[in-house]
Amino acid sequence: MACIFDESWPFVLGQGSMYERLRRDTRIEVDPHIFHAALIYGDAERDFLATTLKEYLDIGQQYGLPMFTCTPTWRASAERVALSRCSGLAVNRDAADFMKSVRASYGEAAHPIVLSALVGPKGDAYKPDEAPDRDAARRFHAPQIMELAAGELDCLEGKTLPSLDEALGMSDVFSETGQPYTLSFVLRPDGTILDGTPFGEVIDRIDNGVARAPEFYLVNCVHASVYQAAYQVIRRSHPEQASRLIGLEANTSALSPEELDALEDVAEESPEKFG
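My numbering numbers the first residue of the sequence shown as 3 and each following residue consecutively.
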């Protein structure tokens, strides 16, 4: 495995989507621009966020499994922070400190918790036509990435990326930090990302087109059946690049991104059917 994960770990458990969960939770009010990132401010909100996060982390501790979790900053770009109720605050740096405090609460004897500093796409993650080109992505994401890097977590992470160009621009900035980083994309069953680029080509273009390649690649926000179909295509067409794809953070629905985007409620299935 990559260096941010110990090679002795058979696998690493990820968390559920805090973004999707908390923006639908009527017990708490998220910010309309940066969503649950705003919950790190205010004692009651901070406690609520920490308690919700620990529902996932406790599973890793209970079963002795390493966990991979991230800052609540998927929608905390500099542009969005400026529009939010947290304007003027170092939201990303403070979010990194929040995650460190949650991990520290488990004590030094805790099972491993790997912390990533999370960056999301500029536009709708399911609409690649909203994604910026490489140069624009570099400019847009740089302020957030540099602030997150100052938080010095275990790695940086770009997640739910819809286009190759945006991923390249984001990777340019990640490379400048000197810190390890990972990238995660949404895939279709035919093995392409949402802008239509074959995922094997995406990996090859990024690995060979930026100053410093990602530690590894992930897929998120797709059902396990979609991932399995896509992986078979990638393994046949780009076997070398397929080895760089190490995991899945799954949806519990096999609907397409377009179908999911049109839903008012979360689509889900039972653990028995999903597993």
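Backbone N, C-alpha and C fix where the C-beta goes; we use that ideal spot for every residue, glycine too. Since the structure is predicted, the reported quantities are computational estimates derived from the model, not experimental observations.
DSSP places V116 inside the beta strand (DSSP E), whose first and last residues are 115 to 121. Put simply, of V221, V175, V104 the residue whose alpha carbon is nearest the alpha carbon of G211 is V175.
When the Cα atoms are used, A127 and D197 turn out to be separated by approximately 11 Å.
Q146 sits close to S79, with the two beta carbons spaced by under 8 Å. Where F218 is concerned, there is no enclosing alpha helix (DSSP H), because DSSP gives it neither an H nor an E. A Cβ-Cβ separation of about 18 Å leaves L120 out of contact with P68 under the 8 Å criterion. A contact between stretches requires three or more CB pairs, one per stretch, nearer than 8 Å, and the segment 96 to 111 fails this requirement with the segment 121 to 140. Spanning the alpha carbons of S245 and G90 requires a straight line of approximately 42 Å. Distances from the CA of A111 to each of Q63, C157, A256, F70 were compared; the closest alpha carbon is that of Q63. Sequence-distant Cβ neighbours of T71 in its own chain, meaning closer than 8 Å and more than five residues away, are G16, Q17, L55, Y58, L59, M101, I115, V116, L117, S118. Looking at the DSSP output, S186 shares a beta bridge with L220. Around the beta carbon of G180, fewer than 16 other beta carbons sit within 10 angstroms, so the residue counts as exposed. Annotation for I248: no alpha helix (DSSP H) segment contains it, though the beta strand (DSSP E) segment containing it runs 247 to 252. For T179, the enclosing alpha helix (DSSP H) begins and ends at 166 to 179. Here S255 is not near L247, since their CB atoms are 8 Å or more apart.
By the CB criterion at 8 Å, P259 and A232 fall outside the cutoff. If you check the CB distance, L170 and I208 come in under 8 Å. Distance from the CA atom of F50 to the CA atom of K124, rounded to whole angstroms, is 27 Å. Going by C-alpha positions, E149 is about 11 Å away from L155.
Ranked by how close their Cα comes to the Cα of A46, the residues P34, I30, I61 have I30 in first place.
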